[in-house]
Structures are given as structure tokens and as C-alpha cells.
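Chemist:
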Amino acid sequence: MSDKTQNKSISRLRKKKILLSVGLLIVVLSSPLWARGFWIGFLQDRAESNLLTRDPKQSLKWLAYAQSLDAQNARTRILLARAYRKSHEMEQAYAALKNYYELAGSTDEFQQEQWLLKAQIGDNSDLQMHLSEMLIEPAGSIQDICETYVNSCILNYQFNDALQILELWEADFPDDPLPNFMRGRMYEHKHGWQEAIAQYQTTLNKDPGYAPAAYSLGRINLTLKKTEEALEYYQRAIDSTENQAPAKVGKARCLRLLNRNEEAKQLLQEVLELNVEQLQLEYQAMGDHKLEGRKAAQLAMGNLELADKNYDAALKWLEPAAEANPMDLGIKNSLVLVYSRLGRKAEAKALSLKIKETNDALAEIQQLLDQVQLKPDDPELRFQIGKMYLKYVSEEQGIVWLNSVLLYQSDHLGAHLELARYYEENQSRGESFQRLAKLHRKQADALNRMSKKVPQSAGNRDVPDDHSIDAFRSPQKEKSGP
Numbered sequence: 001m002s003d004k005t006q007n008k009s010i011s012r013l014r015k016k017k018i019l020l021s022v023g024l025l026i027v028v029l030s031s032p033l034w035a036r037g038f039w040i041g042f043l044q045d046r047a048e049s050n051l052l053t054r055d056p057k058q059s060l061k062w063l064a065y066a067q068s069l070d071a072q073n074a075r076t077r078i079l080l081a082r083a084y085r086k087s088h089e090m091e092q093a094y095a096a097l098k099n100y101y102e103l104a105g106s107t108d109e110f111q112q113e114q115w116l117l118k119a120q121i122g123d124n125s126d127l128q129m130h131l132s133e134m135l136i137e138p139a140g141s142i143q144d145i146c147e148t149y150v151n152s153c154i155l156n157y158q159f160n161d162a163l164q165i166l167e168l169w170e171a172d173f174p175d176d177p178l179p180n181f182m183r184g185r186m187y188e189h190k191h192g193w194q195e196a197i198a199q200y201q202t203t204l205n206k207d208p209g210y211a212p213a214a215y216s217l218g219r220i221n222l223t224l225k226k227t228e229e230a231l232e233y234y235q236r237a238i239d240s241t242e243n244q245a246p247a248k249v250g251k252a253r254c255l256r257l258l259n260r261n262e263e264a265k266q267l268l269q270e271v272l273e274l275n276v277e278q279l280q281l282e283y284q285a286m287g288d289h290k291l292e293g294r295k296a297a298q299l300a301m302g303n304l305e306l307a308d309k310n311y312d313a314a315l316k317w318l319e320p321a322a323e324a325n326p327m328d329l330g331i332k333n334s335l336v337l338v339y340s341r342l343g344r345k346a347e348a349k350a351l352s353l354k355i356k357e358t359n360d361a362l363a364e365i366q367q368l369l370d371q372v373q374l375k376p377d378d379p380e381l382r383f384q385i386g387k388m389y390l391k392y393v394s395e396e397q398g399i400v401w402l403n404s405v406l407l408y409q410s411d412h413l414g415a416h417l418e419l420a421r422y423y424e425e426n427q428s429r430g431e432s433f434q435r436l437a438k439l440h441r442k443q444a445d446a447l448n449r450m451s452k453k454v455p456q457s458a459g460n461r462d463v464p465d466d467h468s469i470d471a472f473r474s475p476q477k478e479k480s481g482p
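Residue numbers (the numbering used here): 1 to 482.
1) Where does S340 fall in DSSP's three states?
2) Between which two residues does the alpha helix (DSSP H) containing K387 stretch?
3) Go ahead and label I136 buried or exposed: buried means 16 or more other beta carbons lie within 10 angstroms of its beta carbon, across all protein chains shown.
4) For a quick check, are the C-beta atoms of I365 and K332 less than 8 Å apart?
5) Could you tell me the alpha carbon to alpha carbon distance between L268 and N243, rounded to whole angstroms?
6) Using only the alpha-carbon positions, how far apart do D55 and A237 sit?
7) Suppose contacts are defined by Cβ-Cβ distances below 8 Å. Is Q120 in contact with T148 by that definition?
8) How would you call N259, buried or exposed, if buried means at least 16 neighbouring beta carbons within 10 angstroms?
9) Taking the CB atoms as reference points, tell me whether A196 and Y187 lie closer together than 8 Å.
10) Using a threshold of 8 Å, state whether the C-beta atoms of Y392 and A415 are closer than that.
11) Report the rounded CA-to-CA distance for Q427 versus K442, giving the unit in angstroms.
12) According to DSSP, is A139 helix, strand or coil?
13) May I ask you to report which of helix, strand or coil DSSP gives N359?
14) May I ask you to report which of helix, strand or coil DSSP gives Q409?
15) Hey, is the segment 305 to 315 in contact with the segment 341 to 359, meaning 3+ C-beta pairs nearer than 8 Å?
16) Cα separation between R294 and Q434?
17) Measure the Cβ-Cβ separation of Q298 and A321 and say whether it is below 8 Å.
18) Let me know the secondary structure DSSP gives S480 once reduced to three states.
19) If you count every other CB in all the chains shown that lies within 10 Å of the CB of S132, and 16 or more means buried, which is it?
20) Run through the segment 176 to 234 for me and flag every whole alpha helix (DSSP H) of 4 or more residues, listed as ranges in chain order.
21) Just confirm the distance between the C-beta atoms of A488 and V249, as a whole number of angstroms; I'd bet it's less than 8 Å.
22) Taking buried to mean at least 16 other C-beta atoms within 10 Å of its own C-beta, is L374 buried or exposed?
23) Answer yes or no: the CB of I365 versus the heavy atoms of the ligand COA, is any distance below 7 Å?
24) If you follow the alpha helix (DSSP H) that D123 is in, where does it begin and where does it stop?
25) Could you check the C-alpha separation between V405 and V336 for me, to the nearest Å?
26) Select from V338, L217, L272, L168 the residue whose C-alpha is nearest the C-alpha of G287.
27) What's the call for V276, buried or exposed, on a 16-neighbour Cβ count within 10 Å?
28) Less than 6 Å between C-beta atoms, sequence neighbours within five positions excluded: which residues of the same chain meet that for G386?
29) Count the other C-beta atoms from every protein chain shown that fall within 10 angstroms of the C-beta of E273, then say buried if there are 16 or more, exposed otherwise.
30) Check K98 in the structure and name its three-state DSSP category.
31) How big is the Cα-Cα spacing for S68 and T358?
32) Any idea what DSSP makes of F42, helix, strand or coil?
33) Tell me the rounded alpha-carbon separation between E262 and K309.
34) To the nearest angstrom, how far is it from the Cα of N124 to the Cα of L306?
35) From L351, L304, V338, A346, pick the residue whose C-alpha is nearest to that of P326; which is it?
36) Applying the criterion that 16 or more other CB atoms from any shown protein chain within 10 Å of the CB defines a buried residue, is R75 buried or exposed?
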């Protein structure tokens, strides 16, 4: 057979294969009774697989395709709730879970996801109550349950409970790097630097490309003034992830300390080209607080201009950052220096007084945190911490602490008043803020009326309890939807 004849034969075979593939595709797509279900199931399986590998962003892409084929599919809705929760998109998670309830009712899967969603935002009371049965018969991933529970314990300063689950988790999944990473976060939070370093190193031993661990080691080494070591870890994080912005900011800080200012400025300019929403997502992906995405690059650039004695340029970065993040102590410290260098003495003095007040509050908070480790069930300690966080450090952390008060004493008048005041002042931020403002004001008013009727009462057990500090009803009281 000649080459020409052989080529024609191969060409005919290829055409037959293409026609056969097209024919099969037409048959599949033209069979509404089973083909659509097949593709939806395939897309859902891909989404669930991405959730298991901790990639909720990709999971949401698969689920968007599944939803376009069937907007009323219950399994798609519960997977959406899970993916949004893992992406820290709590409003979307709540909406998806509510849609699932409307389609499927109060299933075991619904109840477990509801408990996980509540725990994600700080209320782990239901998850604690049902943790054993969930680990025996999980509706989703055991690792997801453990991760959510440990995160909620860290939020509520329940470190001993978190450590117990981490031990069980690591024993059952010894190759999973996340238990070591989360243990490292706990030690870092308590300033146990060497213990944290050891856990982050173990994380990298299990997974050399685990960027959040390299990023965290960069942060700790920078805190310990080991600039060269920090630089190496930040570069390792950059090389290991698409979410490079946080590590680039960290690397820029190292470069400034090493007098490599032009390199630092170039890196920061790359980061500042990203929008705030993307930056917040990247900081969360690195295990850091999303609020860092709103100010870290601006603060680093302001400090860079300050180091170069470009005070007017520094001010252009620092003042907007301060306006967007009025509680940030690092920005205030840099602003005081700029105001002083520019001869704006009155502004420098006023800001210095605020810094002193904040530092005094931080010292008091640390004392209270030490006490709450010894008495984790004390609602009054938690209330004092919550008030001070809300005023001086972080609104989000303050709200978590105030909500934790209600886990231990649901009729705590002060906590309801503080929460009502906060949500009322922020009702423009969305429906959930309006709902929570009404909820806590109603509880506070009821408690006030009760205290006037029974001034010597030690508690207010007759006050109706909505069991809904996060706008979720407790399934023990009521089997309705969220």
C-alpha cells in the first residue's frame, strides 16, 4: 500500500470516529429523560470532588453548570451551600441552604450543614452537641466536619476542645497537612512561636507545596526579625500558589528592611492592581484574615514611601487606608510619624492619644484572654472581651465574642444590647443585619421588662429564647427551615 493510499485510509477512519462521537453526543443531548440527569450527576460529582480537595472555587464553577441544567435540583443546592460556606460566602451559603430546605425538607444532610454553617460563624453549640453522631454517620466529609469544628473552637477560644479533635483527625488521616497547619495557627495565636514553627514545618514535610504554611513561616520569621529566613519562605509561598498577593506583600516588607526599596515597590504595585475583593479572597486562601486584603498593601507602600522620606506620598497611601480601617494600629503608628515629619503636630498628638488608649485596651484584653483560658465558661469575661474587641480591635472578632456570651448565658442583657446596637448601626449592610438588629433588640427589651418585674432574679429563664443568634433556628426546638 502506498503512503498516499494509507493516508486516505487513516483520514477515513478519523472521519468515522468523529461522526460516531458527534452521533453519540446528539443521542445523549436529545434524550431528556436520562441524559440531563447523567450530566447533572457528573457535574455534581466533580464539584464534590473539588470540595474534598479543598477547592471550593472550582466546585462552584461545576455547580453553576449543574444549576443551568436544573435550577431545582436538591443535591446541587446542598453542594452549593457547602461550597459557599467553604468560600466564606455566608449569605450565599444561607440562601442555598434555605433553597435546599424548600426542595427537600429537614433531611439529615440539611441539619448537618445547618450546624456546620452556624459553627463557621462562631456558634458551635449544635455542632458540639451532635459531633459524635456526625463523625460516625457524616452527611459530607469527615475532614470538613473536623476543620469547621476546630475553626469554631479557635474563634471561641476553646483551645482544649480543638486540640482533642485535631489529635483524632490526624490519627485517622495522617497524611493530611491541615491538622498540623491548624495546630500551628493556634500556637501562633498564643505567641508560642517555636511550637507554631514546628507545626508549620511538619505541614510542609507532608505537603511541600502547601503555600499557607510557607506564608505563615514567613510571617513568624518576620515577627522574630529573621528577615532573610522570612524572605525565603515568602518566595516559597509565591512559587506554590496562584494566590500570590499576601506573600508578595510579605516579601516586599522584607525587601524594604533589606534596603531593596525599588524591588519592594515593584511587587507592591503588582498587588495594588488587584481589586479589594480579590485581595480578600487571596488572604483567606492563605489562612489569614480577609481584612488584611483591605489594607496590607497600602500600609506596606506607605511605609516604603516613609522609609524613602517621601512623606506626602506616604500620606496618600496611609490616610485612605486609615479611613477604610479605622481600628488598625499599624496604620495609626505610621500616620503619627508622617504627621510629625510634615509638622502637623496637633494631628500627631491627637492620634498618639488614641494609640495609647488602644494599647492600654490591648493590654487589658490580653489579661482577660489569659483568664478566659482558665475559665472558658465564664460569660462575663467573654462579654468584657467582646466589648473591647468591638471598640478597639475588630468588629468581626467583637461580634464573635459577644455571640459566644450567649452560648453560655442566653439571657445576658449586656450582650444583647451591644449586638442590637451594632446591627442597628449597620442595617444598611444587608438583610441579615436588619434581621439580627430586630432579633437582639427584641431579646434586650424582653430582658429589660423581666428585670423590672423581678429585680432580684438571678436569671431570666421565662424569656422566650429564639435560639437564633445567627439567624438560624435550633433544630432541637423546631424543624422549620433556616
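A virtual CB, placed ideally from N, CA and C, is assigned to each residue, including glycine.
Modeler: Taking the geometry as given:
1) The count along the sequence shown starts at 1 and reaches residue 340 at position 340. Of the three classes helix, strand and coil, the one that applies to S340 here is helix, per DSSP.
2) Within the sequence shown, numbered from 1, the residue matching residue 387 stands at position 387. Here the alpha helix (DSSP H) through K387 covers 379 to 388.
3) As a first step, residue 136 must be located in the sequence shown, where it is residue number 136. Exposed is the call here.
4) What you label residue 365 is simply residue 365 of the sequence shown in a count that begins at 1. What you label residue 332 is simply residue 332 of the sequence shown in a count that begins at 1. No; because the gap between Cβ atoms is not below 8 Å, this pair is not in contact.
5) Locating residue 268 in the sequence shown gives position 268, where the first residue counts as 1. Locating residue 243 in the sequence shown gives position 243, where the first residue counts as 1. Each residue's alpha carbon lies about 14 Å from the other.
6) As a position in the sequence shown, residue 55 is number 55, starting the count at 1. As a position in the sequence shown, residue 237 is number 237, starting the count at 1. Looking at the two C-alpha atoms, the distance is approximately 17 Å.
7) In the sequence shown, the residue the question calls residue 120 occupies position 120. In the sequence shown, the residue the question calls residue 148 occupies position 148. It is a contact, given that the beta carbons lie within the stated cut-off.
8) Sequence index remark: in the sequence shown, residue 259 carries index 259 (1-based). Classification for N259: exposed.
9) On the sequence shown, position 196 is the one that residue 196 refers to. On the sequence shown, position 187 is the one that residue 187 refers to. Yes, they are a contact pair.
10) Along the sequence shown, one-based indexing puts residue 392 at 392. Along the sequence shown, one-based indexing puts residue 415 at 415. No, these two residues do not count as a Cβ contact at 8 Å.
11) Indexing the sequence shown from 1 puts residue 427 at position 427. Indexing the sequence shown from 1 puts residue 442 at position 442. C-alpha separation (whole angstroms): 15 Å.
12) As a working mapping, residue 139 is identified with position 139 in the sequence shown. Note: A139 maps to coil in three-state DSSP.
13) The sequence position of residue 359 within the sequence shown is 359, counting from 1. Looking at N359 - three-state DSSP - the assignment turns out to be helix.
14) What you label residue 409 is simply residue 409 of the sequence shown in a count that begins at 1. Three-state result, Q409: coil.
15) yes
16) On the sequence shown, residue 294 is found 294 positions in, with the first residue counted as 1. On the sequence shown, residue 434 is found 434 positions in, with the first residue counted as 1. Roughly 25 Å separates the two Cα atoms.
17) On the sequence shown, residue 298 is found 298 positions in, with the first residue counted as 1. On the sequence shown, residue 321 is found 321 positions in, with the first residue counted as 1. Their beta carbons are under 8 Å apart, which means Q298 touches A321 by this criterion.
18) Residue mapping note: residue 480 aligns to position 480 of the sequence shown, counting from 1. A caution first: S480 carries a pLDDT of 35, below 50, which makes its placement in the model too unreliable to give a value.
19) Within the sequence shown, the letter at position 132 stands for residue 132. S132 is exposed by the Cβ-count criterion.
20) 178 to 189, 193 to 206, 211 to 223
21) This structure gives no information on residue 488, because the portion of the chain shown stretches from 1 to 482.
22) Numbered from its first residue, the sequence shown carries residue 374 at position 374. Exposed.
23) The ligand COA is not part of this structure, which contains no ligands at all.
24) To locate residue 123, count along the sequence shown from 1; it is residue 123. Note, D123: premise wrong, no alpha helix (DSSP H); not H, not E.
25) Within the sequence shown, residue 405 is the residue found at index 405, counting from 1. Within the sequence shown, residue 336 is the residue found at index 336, counting from 1. Rounded to the nearest angstrom, the two C-alpha atoms are 36 Å apart.
26) If you number the sequence shown from 1, residue 287 lands on position 287. Comparing Cα positions, the closest option is L217.
27) Mapped onto the sequence shown, residue 276 falls at position 276. That one is exposed.
28) In the sequence shown, residue 386 corresponds to position 386, counting from 1. Taken in chain order, the residues that qualify are G398, W401, L402.
29) Here residue 273 corresponds to residue number 273 of the sequence shown, with the count starting at 1. Exposed is the call here.
30) Taking the first residue of the sequence shown as 1, we reach residue 98 at position 98. Reduced to three states, the DSSP call for K98 is helix.
31) For this step, residue 68 is matched to residue 68 along the sequence shown. For this step, residue 358 is matched to residue 358 along the sequence shown. When rounded, the distance between both Cα atoms is 51 Å.
32) Taking the first residue of the sequence shown as 1, we reach residue 42 at position 42. Residue state, collapsed to three classes: helix.
33) Taking the first residue of the sequence shown as 1, we reach residue 262 at position 262. Taking the first residue of the sequence shown as 1, we reach residue 309 at position 309. Approximately 14 Å, taken between the alpha carbons.
34) Counted from its first residue, the sequence shown places residue 124 at position 124. Counted from its first residue, the sequence shown places residue 306 at position 306. Using only the alpha carbons, I get a separation of about 44 Å.
35) As a first step, residue 326 is located in the sequence shown; it is residue number 326 there, counting from the start. Out of L351, L304, V338, A346, L351 has the C-alpha closest to the C-alpha of P326.
36) Reading the sequence shown from its first residue, position 75 is the one you call residue 75. Under this definition R75 is a buried residue.
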